[in-house]
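Encoded as structure tokens, the structure appears first; notes follow it.
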Amino acid sequence: MLFRSEEAIKTLVQAFVLSQLDYCNSLLYGITKTQLVKLQRIQNSAARMITGTRKYDSITPVLKHLHWLPMNERIEFKVLVMVFKALHGSAPSYIQELIKPYTPRRTLRSASSRTVEVPVTRTSYGDRSFSKAGAHLWNNLPEDLRSVETLETFRWNLKTFLFRRAYN
Numbered sequence: 002m003l004f005r006s007e008e009a010i011k012t013l014v015q016a017f018v019l020s021q022l023d024y025c026n027s028l029l030y031g032i033t034k035t036q037l038v039k040l041q042r043i044q045n046s047a048a049r050m051i052t053g054t055r056k057y058d059s060i061t062p063v064l065k066h067l068h069w070l071p072m073n074e075r076i077e078f079k080v081l082v083m084v085f086k087a088l089h090g091s092a093p094s095y096i097q098e099l100i101k102p103y104t105p106r107r108t109l110r111s112a113s114s115r116t117v118e119v120p121v122t123r124t125s126y127g128d129r130s131f132s133k134a135g136a137h138l139w140n141n142l143p144e145d146l147r148s149v150e151t152l153e154t155f156r157w158n159l160k161t162f163l164f165r166r167a168y169n
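Residue numbers for the sequence shown follow the numbering used here, so the first one is 2 and each next one is one higher.
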């Protein structure tokens, strides 16, 4: 008989399932609820496989135990990390050109809030673009999170922020 530990199964699921869900998932920002539910079902099934949870048991405590963000928050996490990298010069130049820090034309209190310019778009596809979605998500972050200077600290604080928002 073959015994598998939760940790071994978790490693396999992360390598083969979650890596596929996370691959280019920043392109999934703004997809329909129907499409998002399908992705969430895959993540839920992976969580059930790891923990041995039955199909009709609540999945929320399982996702919390595994410390996994729901799919919508995973997508936002990816977009926001890319915006952070663009603002701090560690993203490719073509990404950095899409994100421009907001500089008011006159002296305002909001000048030091570390926001970015939100481009004007005319279509729903334009609203899903990285420059618009990234700017919108970035500007909606708390100011203390936008002012973090290191990528590691930003990722950690962002995941904590999104985790609390998703599960509280």
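In this text, a Cβ means the ideal position worked out from N, Cα and C, and glycines have one as well.
Around the Cβ of residue 157, a 10 Å sphere holds fewer than 16 other Cβ atoms; the residue is exposed.
DSSP, read as helix, strand or coil, puts residue 149 in coil. Closest in C-alpha terms to residue 5, from the list 51, 23 and 67, comes 51. Residue nearest to residue 135 within the set 149, 19, 80 and 155 is 80 (criterion: CA-CA distance). Residues of the same chain with a CB within less than 6 Å of the CB of residue 40, apart from the 5 flanking positions on each side, are 72 in chain order.
Taking the CA atoms as reference points, residue 146 sits about 17 Å from residue 103.
For the pair residue 65 and residue 168, the CB atoms are nearer than the 8 Å cut-off.
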